[in-house]
Each structure stands twice: as structure tokens, then as C-alpha cells.
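Asks:
There are 2 protein chains.
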Amino acid sequence: MSEADLPPPAARFTRMSAPERRAELVAAALACMARGGIQDFTVDRICAKAGVSRGLITHHFGSMNGLLAAVYGAMYSAATEAARAPAPGESRLSVLLDAFFAPAVFNRSALTVWLTLWGQIAVNAELRAAHRAHYARYLDDVALAINEVAAANGRVVDPEALARTTICLVDGLGIQHCVDPASMPARRAKAACRRLLVPQIGRF
Amino acid sequence: MSEADLPPPAARFTRMSAPERRAELVAAALACMARGGIQDFTVDRICAKAGVSRGLITHHFGSMNGLLAAVYGAMYSAATEAARAPAPGESRLSVLLDAFFAPAVFNRSALTVWLTLWGQIAVNAELRAAHRAHYARYLDDVALAINEVAAANGRVVDPEALARTTICLVDGLGIQHCVDPASMPARRAKAACRRLLVPQIGRF
DNA sequence: GGATCAACTATACGGTTGTTCAACAAAGAG
DNA sequence: CTCTTTGTTGAACAACCGTATAGTTGATCC
Numbered sequence: 012m013s014e015a016d017l018p019p020p021a022a023r024f025t026r027m028s029a030p031e032r033r034a035e036l037v038a039a040a041l042a043c044m045a046r047g048g049i050q051d052f053t054v055d056r057i058c059a060k061a062g063v064s065r066g067l068i069t070h071h072f073g074s075m076n077g078l079l080a081a082v083y084g085a086m087y088s089a090a091t092e093a094a095r096a097p098a099p100g101e102s103r104l105s106v107l108l109d110a111f112f113a114p115a116v117f118n119r120s121a122l123t124v125w126l127t128l129w130g131q132i133a134v135n136a137e138l139r140a141a142h143r144a145h146y147a148r149y150l151d152d153v154a155l156a157i158n159e160v161a162a163a164n165g166r167v168v169d170p171e172a173l174a175r176t177t178i179c180l181v182d183g184l185g186i187q188h189c190v191d192p193a194s195m196p197a198r199r200a201k202a203a204c205r206r207l208l209v210p211q212i213g214r215f
Numbered sequence: 012m013s014e015a016d017l018p019p020p021a022a023r024f025t026r027m028s029a030p031e032r033r034a035e036l037v038a039a040a041l042a043c044m045a046r047g048g049i050q051d052f053t054v055d056r057i058c059a060k061a062g063v064s065r066g067l068i069t070h071h072f073g074s075m076n077g078l079l080a081a082v083y084g085a086m087y088s089a090a091t092e093a094a095r096a097p098a099p100g101e102s103r104l105s106v107l108l109d110a111f112f113a114p115a116v117f118n119r120s121a122l123t124v125w126l127t128l129w130g131q132i133a134v135n136a137e138l139r140a141a142h143r144a145h146y147a148r149y150l151d152d153v154a155l156a157i158n159e160v161a162a163a164n165g166r167v168v169d170p171e172a173l174a175r176t177t178i179c180l181v182d183g184l185g186i187q188h189c190v191d192p193a194s195m196p197a198r199r200a201k202a203a204c205r206r207l208l209v210p211q212i213g214r215f
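Top line first, the protein sequences correspond to chains W and L.
Just so you know, the first sequence maps onto residues 12 to 215 in this note's numbering.
Just so you know, the second sequence maps onto residues 12 to 215 in this note's numbering.
#1: DSSP three-state call for N76(W): helix, strand or coil?
#2: Can the beta-carbon of I212(W) be found less than 7 Å from the beta-carbon of V167(W)?
#3: So is A161(L) in contact with chain W if we call contact Cβ pairs under 7 Å?
#4: At a CB-CB cut-off below 7 Å, which residues of chain L make contact with P210(W)?
#5: Can you tell me whether DSSP reads K201(W) as helix, strand or coil?
#6: Do you know offhand how far P192(L)'s Cα is from R119(L)'s?
#7: Put N158(W) into one of helix, strand or coil per three-state DSSP.
#8: Excluding the five sequence neighbours on either side, which residues of its own chain have a C-beta within less than 8 Å of the C-beta of V29(L), listed in chain order?
#9: Among residues of its own chain, excluding the 5 on either side of F2(L), which ones have a beta-carbon nearer than 7 Å to its beta-carbon?
#10: Let me make sure I understand the geometry here. Which of S74(W), I178(W), A156(W) has the alpha-carbon closest to that of I186(L)?
#11: Would D182(L) count as contacting chain W if we go by Cβ distances under 7 Å?
#12: Closest Cβ-Cβ distance between A193(W) and chain L: below 7 Å?
#13: Are the CB atoms of L138(W) and I132(W) nearer to each other than 7 Å?
#14: Does the beta carbon of V190(L) sit closer than 7 Å to a beta carbon anywhere in chain W?
#15: For the segment 127-151 of chain W, which residues have a beta carbon sitting closer than 8 Å to at least one beta carbon of chain L?
#16: For the segment 36-47 of chain W, which residues have a beta carbon sitting closer than 7 Å to at least one beta carbon of chain L?
#17: Within 10 angstroms of the Cβ of P196(L), are there 16 or more other Cβ atoms? Answer buried if so, exposed if not.
#18: Would you mind working out which of M75(L), R206(L), A156(L), P114(L) sits nearest A90(L), comparing C-alpha positions?
#19: Against chain W, does L108(L) count as a neighbour if the rule is that its beta carbon must be under 7 Å from one of theirs?
#20: CB-CB under 7 Å to A61(W), same chain, minus the five flanking residues each way: which ones, in chain order?
#21: How is G130(L) classed by DSSP in three states: helix, strand or coil?
#22: Start and end of the alpha helix (DSSP H) containing A29(W)?
#23: Considering only residues of the same chain and omitting the five flanking positions on each side of F112(L), which have a CB-CB separation below 6 Å?
#24: Just to make sure I have the definition right: I need the residues of chain W whose C-beta is within less than 7 Å of the C-beta of L207(L). Which are they?
Below, the structure is given as C-alpha cells:
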């Protein structure tokens, strides 16, 4: 009976493995950032969202900068994992374009996070270095896919330069969708990319 | 003699007309933002940079949000004023492209400010409304210039759609230059724009 | 030369920031 | 069972945030 009279167990806190908790904190940080940009990327808001005490961010990430880097990594992973394996007869470039404008990637929340991260990259040397490393692999992937199509169509192009331009266009289309979604739906954005690429490398 | 013994006049402050002071505060805010993004867009830093007391921002702009709007307006003006009148026989589109990638516009400092402003636009409804209004006129200008070339070359295109895509590409190229200037110099950026446009509307 | 007005300073205010730290709780090892 | 480890709390900290406000300075007008 004495046990029954005790206040509800109400586990004062739930224990998690470090990787689980980190993932949860990153998710909470993403939610905050999607809603309010860098202004909502604060210890208080993120911990409240995650339902944990304020000390945990420092414990798991060392600092807010560490969490920011983790958030960037998570966004990058989500973007690259959106690309499935190409079906037989389907070009890898086509798959990439689908991935760029998939609903899970090309939506206002996610793009607000990207815009916020870019703003930080421009100002934070550490984050910028991490970005460049990721970007190099990203560029290679796109260049390879472009080269594949160009070769199949017997076109001669500079795959890297065209890949860089394509990525810039994708980024710019994302900004536009973020600021005014109706003016740049995913369908239109993808079509714009094709209109850039097809004259250079042929149909795909 | 008593006058000579006084501490140097050292005008405790210099007086300006309201528009002059506002311009100076906007310039200081731009400098801060270019260096440290939204984190350096603070009363303390801006007023220190401008060499005035902390009260002046509220006095002249009502709030930091007011100053932010003024900064946005200043950036927009600077961008549009970079376009000179077309020389005889020169297309307006060519002039626009020159303006987009002029050194005063296409440089890391200015683009850091833009990136920061976009991050705020994505999150600040007031600023977003102002941006859309500006953007509409901007879009019209580009569409008109595109249509001019297309008509001269006997091409049929959707000028507005192509203008929107072009602007997105310009923005994306700007991000890239901001994050890694060497990888996207103005020359290359301009060439990328032409590579998008020429297949659609012909040479200009 | 005194009144008026706007530009400006300087301080104070409550609230929020990121980080530190000692104490605590739960799980696993021996 | 005890000991160790580690995820977690919660409070404390100094620093900084934006805004409000009372008072000072300098130019302008009559």
C-alpha cells in the first residue's frame, strides 16, 4: 500500500544511450530552427522542445556550436539519402533530380533550415570547412551523373562546371520555394533544372 | 588662458540631419552584418561601429526590426542601381547581367548580408511581405529584358518563368561565391547565366 | 537672447543568452 | 550487495540582449 500512495513514478527523466539522445536533440534543434531560424536555435528552446534539462546539450555536444555542426550533418545525410538506386534504364541524373525535389527535402521547413545553415556557414569558419568537404563529394556525384548522360548522348561538356551550375540553380530554387512556396512548386523547380541541363547534355 | 587650459573641445557628439544619421547607421549595420551575420546585428555592435550611443537606433528606426527593414531596402537599392543605361545596340539583358556580377554587388561581404537577410525573410513575416513586393518588380524587369532578346531572335518563350529561373540561378551562384569565392568567380557565374539563357532565347 | 525643438547621450530595466558545476539517479560489473 | 560509470538534473553565473526614459546639447527661429 505504501507503494501505491507514493506519487506516480513519473520517471523524473528517461535514460537513453548517448547516440539516441543526440539524435533526439538534433531533431528538436531542427524543429526549432525550421520554425524560427537561428533566433530559435537556443539552449532554452531546444531543451524545452526535447523535454530535457538545459545541461544536456553541453554534455552531449560540448557547446551549441557542436550541436550546430551535428544539425548540419543531419541535414546533409537526409539530403543524400533521399536518392534511391536507379531503376534499370533510368539515368542516375534523373534519380538525383527526383531526390532534390522530393517532398521530404523540398519543403519550406527543411529549406528554412538550409537557409539558416548557409547564413551560419558564411560566418562560421569551422562550419564552412565542414561544408566544403561535404560539397566536394556532392559535386562529384552530380558531375558523374551528368557525364553519364552526356556521354550516352555523345555530347562534350565540362561535367564539373555544369554540375556546379546545376547545384547553384537547385539552391536558388530552394530559396525561392522557401520565401514563396506557391511561386516555385517542386514540379516547376525540377522542370527549370531540366531546361538548364537538356540543351547541354541532351535528353535523359 | 582659461580657455586654453580646458580639455580639447572633443565635440561630445556630432549632430546630423535625420536622413544622414540613418544612412550612417544603416552603413554600420551592413558592416556588422557582413562580418558576423545576424549574430553581429546587435545594438551594441552597430552603435559602437557608428560611434554613437545606444539610444539612437530606437530614436531613428523605432526598433531593431525597423533597422533591419532599412538594411534590406538599402541592399535592394544598391543592387538595382548597379544597372546602368544600355549603350546603343546593347541589350538590356546584357546590362542586367553585368549588374548582377559587378564587383560592388557580387562580393563576399555583400553576399553574406544577402544570405543573412534571406534567413530573416524566411522567418520574419513582415520582412517577407516587403521582399515579395520588391521581388515582383525585380522579376518584371528581368522578364522584360529576356523578352526583348527572345523577340529580337524570333524565339518563343515564357519570359516570366525563364526570368524566375534566372534569378534563382543568380541567387544560387551568389551563395556559392559567398561560401567559396575561388570556386565561383564573377566571370564564371556570368558565363553560367548565359549558358542557361542562350539556348532558350538566342545570343545577346 | 530667450524659447523651442530635434538630435543625442547615458543609464537602467527585465529578460535571455551559453556555459559551468555539484549533486543525483540508473544501469552494469564484479 | 557494493562500486563504478555515465546519463541527467537544476541552479548559478556573468555577459549580453532590445527597449524605455530622463536629461543634455546644439541649432533655429522670432
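Beta carbons are placed, not taken as given, at the ideal position from N, Cα and C, and that holds for glycine.
Replies: Walking through what the data contain:
#1: helix
#2: no
#3: Not closer than 7 Å to any Cβ of chain W, the Cβ of A161(L) fails to qualify, so no.
#4: The answer, in chain order, is P210.
#5: Note: K201(W) maps to helix in three-state DSSP.
#6: 7 Å
#7: Helix at N158(W).
#8: The question names Val, but residue 29(L) in the sequence shown is Ala. H71, listed in sequence order.
#9: Outside the modelled stretch of chain L, which goes from 12 to 215, sits residue 2(L), for which no answer is possible.
#10: Out of S74(W), I178(W), A156(W), I178(W) has the C-alpha closest to the C-alpha of I186(L).
#11: Answer yes: the Cβ-Cβ gap between D182(L) and chain W drops below 7 Å somewhere.
#12: By the rule that beta-carbons nearer than 7 Å mark a contact, A193(W) does not touch chain L.
#13: yes
#14: yes
#15: T127, W129, G130, Q131, I132, A133, V134, R139, H142, R143, Y146
#16: Listed in sequence order: G47.
#17: exposed
#18: Nearest C-alpha to A90(L) among M75(L), R206(L), A156(L), P114(L): P114(L).
#19: no
#20: E35, L36, A39
#21: helix
#22: 29-47
#23: A197, A200, K201
#24: L207
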